[in-house]
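Structure, as C-alpha cells:
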Amino acid sequence: MDPTDSGGHEHIDHIPTHRPHLPRHAHVRGLRPVLTPTDEGYATELGGFNLIAAPAADLVVGATNADDVALAVRYARANGFRVGARATGHGLPIEGRGTVVVTTSRLNSITVDPVARTARVGAGVRWRDVVAATTPHGLTGVVGSSSSVGVVGYTLGGGLSPLGRRFGWAADHVRSIELVTADGVVRSVDASAGSDLFWAILGGRDGFGIVTAIEFELFDLPTVYGGGIFFAGSAARDVLHAWRDWAPTLPEEAGTSVAVLRLPPDPDLPAPLQGQLAVHVRYTHTGDPAAAAALLAPMRSAGPILLENVDILPTAALDAVHMDPAGPMPSVERGVLLGEFPAAAVEALLEVAGPQVPSPPAIVEVRLLGGTSATAAARAERGRRTPRRLFRDRDRSAGPTARRPGGSAPAGGRRRTGAVAVRRAAELLRAPRRRPRRSVGTRRAAATGDDPPPARPGGGTGE
Ligand SMILES: Cc1cc2nc3c(=O)[nH]c(=O)nc-3n(C[C@H](O)[C@H](O)[C@H](O)COP(=O)(O)OP(=O)(O)OC[C@H]3O[C@@H](n4cnc5c(N)ncnc54)[C@H](O)[C@@H]3O)c2cc1C
Numbered sequence: 021m022d023p024t025d026s027g028g029h030e031h032i033d034h035i036p037t038h039r040p041h042l043p044r045h046a047h048v049r050g051l052r053p054v055l056t057p058t059d060e061g062y063a064t065e066l067g068g069f070n071l072i073a074a075p076a077a078d079l080v081v082g083a084t085n086a087d088d089v090a091l092a093v094r095y096a097r098a099n100g101f102r103v104g105a106r107a108t109g110h111g112l113p114i115e116g117r118g119t120v121v122v123t124t125s126r127l128n129s130i131t132v133d134p135v136a137r138t139a140r141v142g143a144g145v146r147w148r149d150v151v152a153a154t155t156p157h158g159l160t161g162v163v164g165s166s167s168s169v170g171v172v173g174y175t176l177g178g179g180l181s182p183l184g185r186r187f188g189w190a191a192d193h194v195r196s197i198e199l200v201t202a203d204g205v206v207r208s209v210d211a212s213a214g215s216d217l218f219w220a221i222l223g224g225r226d227g228f229g230i231v232t233a234i235e236f237e238l239f240d241l242p243t244v245y246g247g248g249i250f251f252a253g254s255a256a257r258d259v260l261h262a263w264r265d266w267a268p269t270l271p272e273e274a275g276t277s278v279a280v281l282r283l284p285p286d287p288d289l290p291a292p293l294q295g296q297l298a299v300h301v302r303y304t305h306t307g308d309p310a311a312a313a314a315l316l317a318p319m320r321s322a323g324p325i326l327l328e329n330v331d332i333l334p335t336a337a338l339d340a341v342h343m344d345p346a347g348p349m350p351s352v353e354r355g356v357l358l359g360e361f362p363a364a365a366v367e368a369l370l371e372v373a374g375p376q377v378p379s380p381p382a383i384v385e386v387r388l389l390g391g392t393s394a395t396a397a398a399r400a401e402r403g404r405r406t407p408r409r410l411f412r413d414r415d416r417s418a419g420p421t422a423r424r425p426g427g428s429a430p431a432g433g434r435r436r437t438g439a440v441a442v443r444r445a446a447e448l449l450r451a452p453r454r455r456p457r458r459s460v461g462t463r464r465a466a467a468t469g470d471d472p473p474p475a476r477p478g479g480g481t482g483e
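Have a look at this one:
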C-alpha cells in the first residue's frame, strides 16, 4: 500500500483468527469518537445515504484531523485490521468484520482561493458545501449530478460530472492530495512530484490510503443552461431512439443523459410524475443560452412531455438537472462502459427496463461521454500515466453513443460491441444482488464509464 516503501510491506489487510482485544478508548485515547458495535452512537456514526445493508466494523474512529487518521491506521496495522473510509455513505456500506472504519465528516474545512481558482477541502466535505463557498466568486468545481455526494469519494472514483464534456473528469483537476498511507504517515502528494501514489489514488479510492484533504481547480461558470424533460414512459422506445440519434450531434459545451425512471407514488414529487414510468432527458450547456435552447429543441418532439424544467440556472442549482433522489434509501448500482449505443442497445435496455417489465430497476441511466472527458491530450501533456482504473480513456469520437462523422451507422463489429455491453448491463441488473438484505430502491445501469472497481486491500466494499 505504500509505494515509497520498496520492500517489507506490512499488510494491514491480514485478519488474525485470534482477534486482539478491541481498545475501546485505551490505545487510541485522544481520538473522538471511538466506537465499538455496542456503543451508543455507533450506528449513527456509520450511517449514511445508502440503506441497502447495515454497515459494520469492529471499530469506528471519528477523525477530527489528519493525526487522528494516522493514529487509527497505525492502530489497525499493529492489530491486524483492515482500514476503510466513510464520508457520506453514498457508496455501499462497509461491512467488513476485522475492519477499522475512519469516518471523515468532521474533516470539514473549506478554503477557496478565488485568484488561483482552487479549493482545498477536508475529506468530509460534500459538494454542496463547496458550491456554497465557490458560488459567491462565480466559480465551480467539476461537481457531479448530486451535490450531496462527498467530494473525496466522488473524485477518487474519477468524478463524472454533468459538466464533464466541457471540463473533463473531476480527477483530472486535482492539484494535490493529503493522505495517510498504510504505514500511518501523513503525506502530501501532487502531480509535480511525479508521484506514483498521486496517480494511484485517483481511481484507487481507499486502496492506497485514507485521504484527509484534497486541492482541486475551479472554473469560471456562474450559470448553466440546463434542466430535464420528463417524457411519458409509454413513449420510451421513441424517446430513447431519438436521444440516441440526437446526443452524438451535440458540441462539447453540451452534456446529456437519459434515464428510465420508475417513480414512486410519492406526494412530494410533482403530480404528473407520481407513480409514473418516465423517460428523463437531462441536458446542460455551458455556452450561449439561445444556442443551447436551439440544440435541445429537436428532442422536444420525441414523445408526450409530462414535465420539464429547462432554463438558465445558477451553477449552484445544478442538482435540478438530474433531480437525483435525496435519500437516504437502499440502493445498488451497477455500471458498464459502452463503446457505442446502437439501436440494438436501446432494444436490450427496453427488455430490462421498458414499460412491459413488471419489476424493473428503479433507474437505468445512459450518460453521453466524449468531449473533454475523452481527451487524453491534457493528461499526456502533463506527463500523466493512466490516472484511473475505474474509467478508461476514449478518443473524442468514441463516447457511448458516438457515431461516425456525418451520422453514418457504426461498423457492424462496433454495433455488436454496444449491444453486447448493454446486454451485459442487462444481465447485471437481472443477476441476484450479492447482499440483498433489503428491497432495492434504486439500481442504475449506466454507460457512465463506471466499470466494476478493482479488488482492493482496503476495508471499503466498493460500489
Ligand atoms: C445519488 C447519487 C448520485 C451520484 N452521482 C454521481 C455522479 O454524477 N458522478 C459520479 O462520478 N459519481 C456519482 N455518484 C457515485 C459517487 O460518486 C460514489 O458513490 C462516491 O464514492 C461517493 O462518495 P462519498 O464519500 O459520498 O460516499 P461514501 O460511501 O462515504 O464513500 C464511498 C467510498 O469512497 C471512498 N472514500 C470516501 N472517503 C474516502 C477517503 N477519505 N479516503 C479514501 N477513500 C475514500 C471509499 O472507498 C468509500 O467506501 C453518485 C452516487 C449517488 C448515490
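For the sequence shown, this note's numbering gives the first residue as 21, with consecutive numbering after it. Glycine included, each C-beta is placed from N, C-alpha and C at the ideal position.
For residue i, which residues in the same chain have their Cβ closer than 7 Å to its Cβ, ignoring the five residues on either side in sequence?
i	result
PRO375	GLY253, SER254, ALA256 and LEU297
ALA340	GLY247, ASN329 and LEU333
ARG126	GLY82, ALA83, THR84 and GLY144
LEU293	PHE250, LEU283, LEU326 and LEU327
GLU273	ARG186, HIS305, THR306 and GLY307
LEU238	ARG137, THR138, ALA139, THR154, LEU159, THR160 and GLY161
ASP286	GLN294
VAL80	LEU55, TYR62, GLU65, LEU66, VAL121 and THR123
ARG94	GLY204
Which residue or residues does DSSP assign as beta-bridge partners of residue i?
i	result
ALA274	HIS305
GLY118	Answer by DSSP bridge pairing: none, since GLY118 is not bridged.
ARG282	LEU297
PRO334	THR243
MET319	None; MET319 has no bridge partner.
ASP133	THR138
VAL231	LEU199
ALA363	DSSP lists no partner for ALA363.
LEU54	In the sequence as presented, Leu is not what sits at residue 54; that position holds Val. Answer is VAL81.
Near residue i, what residues of its chain come up, given a Cβ to Cβ distance below 6 Å and the 5 sequence neighbours on each side ignored?
i	result
ALA220	PHE228
ASN128	GLY142, GLY144 and VAL145
VAL259	PHE251, VAL299, ALA322 and GLY323
ALA526	Residue 526 is absent from the structure shown; the chain starts at 21 and stops at 483.
VAL209	ILE197, SER215, LEU217 and PHE218
ALA262	ALA322
GLY391	ARG185 and GLU272
PRO290	LEU327
HIS342	SER165 and ARG302
Compare the beta carbon distance of residue i and residue j with 8 Å and say whether it is the shorter of the two.
i	j	result
TRP234	THR175	According to the sequence displayed, residue 234 carries Ile and not Trp. Contact flag set, yes.
GLY158	LEU180	no
VAL120	ALA92	yes
ILE130	PRO350	no
ARG117	ALA76	yes
PRO381	ALA373	yes
ILE325	ILE249	yes
ALA90	VAL169	no
GLY275	LEU388	yes
ASN223	GLY173	A small fix is needed here, since residue 223 is Gly in this sequence, not Asn. Not in contact: GLY223 and GLY173 (Cβ atoms no closer than 8 Å).
VAL244	THR304	yes
VAL162	ALA190	yes
THR124	GLU65	no
VAL338	LEU270	At residue 338 the sequence reads Leu, which differs from the Val that was named. Against a cut-off of 8 Å, the Cβ pair of LEU270 and LEU338 comes out as no contact.
ASP344	SER166	yes
ARG10	VAL194	As shown, the chain starts at 21 and ends at 483. That puts residue 10 outside it, with no answer to give.
PRO10	ASN70	Here the chain has residues from 21 to 483 only, and residue 10 is not among them.
TRP266	PRO318	yes
THR395	GLY178	no
Cutting at 8 Å between CB atoms, please list the residues of its own chain near residue i, excluding the five before and the five after it.
i	result
LEU241	GLY158, LEU159, THR160, LEU183, THR306 and THR335
GLY426	Interpretation of GLY426 is limited by its pLDDT of 26, a score under 50 that renders its predicted location unreliable; the figure taken from the coordinates is listed afterwards. Same-chain partners within the cutoff: there are none.
GLY67	PRO75, GLY109 and PRO348
ALA152	ALA336
GLY61	PRO53 and LEU55
VAL377	GLU371
ASP78	ARG39, LEU42, THR56, PRO57, PHE101, ARG117, GLY118, THR119 and VAL120
Please determine if the stretch 86 to 97 and the stretch 196 to 207 are in contact, where contact requires at least 3 C-beta pairs separated by less than 8 Å.
yes
Taking one C-beta from the stretch 100 to 109 and one from the stretch 128 to 146 each time, how about it: are there three or more such pairs within less than 8 Å?
yes
Runs of beta strand (DSSP E) lying entirely within the stretch 57 to 117, each at least 3 residues, in chain order:
79 to 82 and 102 to 106
Report the start-end ranges of each beta strand (DSSP E) in the stretch 141 to 216 that is 3 residues or longer and not cut off at the edges.
194 to 200 and 206 to 210
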